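Chains as they are written, first to last, in our numbering: chain A, 324 to 676; chain B, 324 to 676.
Even glycine gets a Cβ: it sits at the ideal position worked out from N, Cα and C.
Here the structure is a predicted model, which is why all the values come from computation and not from measurement.
Step one of this worksheet: look at the structure below.
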DNA sequence: CTGTTAGCGCCTTCAG
DNA sequence: CTGAAGGCGCTAACAG
């Protein structure tokens, strides 16, 4: 059924070893021989047997990219950038490496995350890229630490993007994070500067790193301004989706009708919150300011255009991809990418401010 | 370095074959033996060597999902649904199949598409799922037909979701499509029923199946209404993104200032078009109606909420996933999923209509 | 139910 | 620069 290396060798009148060498391209072969082999490959429609190759070489060209939610553009953009950085990788020696960059959707589930890592480990993946926040459950973190170490010991490169290492001082993984704390702090500071004093927060899931960092940044700004009263009351939690934003804003508005601003866990949540605000007959930003986080492409298209914090997603993804294939050498320590406040039309001074 | 099946066998005091059998679970093994083996696996932290396994068995558990743009929620939703349908697959005999469902981002590039297929073919993938429209270039279609046949001949299941088969009567691939034509036709009919007579269209890329079908549906509705004049002039083309919608709407509005409605290639394009309309000082839907296609989750959050055509993305993805792993038997012929008109607030009768 | 025996297709020293 | 040979780790018949 399948044509093998040996068939090609026979056809080209050379040994299997020679065919292997021209295919890999990492070993000198006389040009005429090369041509002959290539032609034979053409004629026979030969395709390398990956499993056999990986078995013999004890490595594979698979690179796994794990994301929490593939339907969320945040992850899509990051993963897309990483994937194309990996695909266009020039390779170590100039020879194009045909890496198979694939993305795996964990749905944010820890079990799923571990399962995918094991599957990737089975395949002897060349690298694994974990994108986005992690669950802060001790048991899971322990399991992750162990698994990542196993992976690293097995020779697969591990890079984390947008999440901290599950355990300190683990030199085997390279880490790339966003300054979620700083970004959130700056955003809330902006609102405070406009004159807001009652700022609600629709935060993300309690047990997730990213959500915690953003909320902490928000609160740090509040503390900076001496506002410590009612903070807990003006915070609600929920998943990173639109309904959470809607429900969260409703809850906040009923708990605290005097609210003049709402910061959301991300742009999508902000959209939901904005809808809730509008449905209560309040204007944005006239009555209530609303702000997001991430600066997804759609943020500029909301009405009014969303004030948010821009995260360098494309840059981060590309960089993570390059780190994964070794095109870029790992930094000494964790690398933190800056977040930038983007003020648009959804925030303004409070009514009567 | 790596612990192998033989190590586990030695530890458990059984033969390698037995270990293999308990791991695969598809062969009777005495319970006590089973336990012993499982314990040895635990103790040794053994993980199966995928390449070796695939080589020996001549199959792998890899399932590739190819998408045109991973940052586009249309593909994200579809891919996510497929992936979870594959992951939760109960397997043929009740034993859980640990399929590794991965998504590959082609960026819409034909070369990339072919490259990924070859890579997947190398891995002897169990199935390949092609999601979204295809390029209608004869050379590429020929290449795809050949490649897909190779894949199918090699034993990998091929399913197309949202795209027609590259060549007719190819029984080796199973096809699942959306009724883009019917949906577009219904949408334009809705606009016509409201009284619109000058309807612009910001269509998708000319050479893509989906774009062609939607445009054809739109025009069919126009013909139904006896409106054939100026159709070409009221059509512009562009990629499936927001800037294309913005630019397209600007162009249409300057070509034909009397336009009272715009239908877009998809929801994202519609967002851009809406922004352009607003930026010209026109109101939606008061002066110009705007409609999208797909009904992405965000469509309901635009202001005004977008009239669009709903495509059953989750259902389609899940079904495609099940077809890919063989949980659902392939239909006799191509399966076409219905599209449903969703009327919201972005369409209304034309001014003075 | 369990052990034995051959490969699966390729890569990689080692000679020539 | 090219060929020969051994083995990567696992599975799949066969026996028993």
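Same chain, Cβ closer than 6 Å to residue i, five either side skipped, listed in chain order
| i | result |
| --- | --- |
| residue 359/B | 335 |
| residue 443/A | 387, 451 |
| residue 659/B | 500, 502 |
| residue 340/B | none |
| residue 613/B | 585, 593, 596, 597, 607, 669 |
| residue 635/A | 660 |
| residue 565/B | 591, 594, 595 |
| residue 326/B | 367, 369 |
| residue 406/A | 424 |
| residue 672/B | 517, 518 |
| residue 495/B | 475 |
Residue interval of the alpha helix (DSSP H) (run including residue i)
| i | result |
| --- | --- |
| residue 265/B | In the structure as shown, chain B starts at 324 and stops at 676, and residue 265/B therefore has no counterpart that could be examined. |
| residue 639/A | 636-648 |
| residue 537/B | 532-547 |
| residue 436/B | 433-445 |
| residue 471/A | 461-476 |
| residue 651/A | Per DSSP, residue 651/A belongs to no alpha helix (DSSP H) and is neither H nor E. |
| residue 365/A | 354-367 |
| residue 574/B | 565-578 |
| residue 505/B | 503-517 |
Terminal residues of the beta strand (DSSP E) in which residue i lies
| i | result |
| --- | --- |
| residue 659/B | 658-660 |
| residue 613/A | 612-614 |
| residue 633/A | 631-633 |
| residue 423/B | 423-428 |
| residue 386/A | 385-390 |
| residue 454/B | 450-454 |
| residue 587/B | 584-587 |
| residue 663/B | 663-665 |
Paired residues, beta bridge with residue i - DSSP
| i | result |
| --- | --- |
| residue 337/B | Answer by DSSP bridge pairing: none, since residue 337/B is not bridged. |
| residue 497/A | 482/A |
| residue 558/B | 524/B |
| residue 600/B | Answer by DSSP bridge pairing: none, since residue 600/B is not bridged. |
| residue 550/B | Note: residue 550/B sits in no beta bridge, so no partner. |
| residue 617/B | 633/B |
| residue 623/B | Its beta-bridge partners do not exist; DSSP assigns none. |
| residue 458/B | 531/B |
Under 9 Å between C-beta atoms of residue i and residue j
| i | j | result |
| --- | --- | --- |
| residue 518/B | residue 485/B | no |
| residue 554/A | residue 571/A | no |
| residue 537/B | residue 527/B | yes |
| residue 616/A | residue 507/A | yes |
| residue 424/A | residue 409/A | yes |
| residue 666/B | residue 504/B | no |
| residue 376/B | residue 445/A | yes |
| residue 348/A | residue 392/A | no |
| residue 657/B | residue 498/B | yes |
| residue 557/A | residue 579/A | yes |
| residue 637/B | residue 662/B | no |
| residue 385/A | residue 440/A | no |
| residue 664/B | residue 630/B | yes |
| residue 489/B | residue 473/B | no |
| residue 459/A | residue 531/A | yes |
| residue 363/A | residue 331/A | yes |
| residue 515/A | residue 539/A | no |
| residue 471/B | residue 493/B | yes |
| residue 588/A | residue 525/A | yes |
Beta-carbon contacts of residue i that lie in its chain and below 8 Å, excluding the five residues immediately before and after
| i | result |
| --- | --- |
| residue 366/B | 334 |
| residue 382/B | 447, 449, 478 |
| residue 627/B | 607, 608, 667, 668, 669 |
| residue 402/B | 388, 390, 393, 426, 454, 640 |
Chain-order list of residues whose beta-carbon lies under 7 Å from that of residue i (same chain, five-residue window excluded)
| i | result |
| --- | --- |
| residue 328/A | 339, 342, 343 |
| residue 611/B | 582, 583, 584, 585, 600, 605 |
| residue 371/A | 346 |
| residue 418/B | Confidence at residue 418/B is low in this model, with a pLDDT of 42, below 50, so the placement of that residue should be treated as unreliable; the coordinate-derived value is given next. Closer than 7 Å at the Cβ level, and outside the excluded window around residue 418/B, lie 348, 349. |
Please list the residues of the stretch 607-626 of chain A that have a C-beta atom closer than 7 Å to any C-beta atom in chain B, keeping them in chain order.
Within the stretch 607-626 of chain A, the residues whose Cβ lies closer than 7 Å to some Cβ of chain B are 620, 621, 624, 626, listed in chain order.
Determine which residues of the stretch 438-453 of chain A have a Cβ less than 8 Å from any Cβ of chain B, and write them out in chain order.
For the stretch 438-453 of chain A, which is checked against every Cβ of chain B, the residues closer than 8 Å are 438, 439, 441, 442, 443, 444, 445, 446, 447.
If you measure beta-carbon to beta-carbon, which residues of the stretch 562-584 of chain A are closer than 7 Å to chain B?
Listed by position along the chain: 565.
Against chain A, which members of the stretch 467-488 of chain B pass a CB distance test of less than 9 Å?
Within the stretch 467-488 of chain B, the qualifying residues are 469, 473, 476, 477, 478.
Contact list for the stretch 418-435 of chain B against chain A, Cβ threshold 8 Å:
Hits within the stretch, in order: 421, 423, 424, 425, 426, 427, 428, 430, 435.
Residues of the stretch 363-374 of chain B whose Cβ lies closer than 9 Å to any Cβ of chain A, in chain order
Identification of residues in the stretch 363-374 of chain B having a C-beta nearer than 9 Å to some C-beta of chain A yields 368, 370, 371, 372, 373, 374, given in sequence order.
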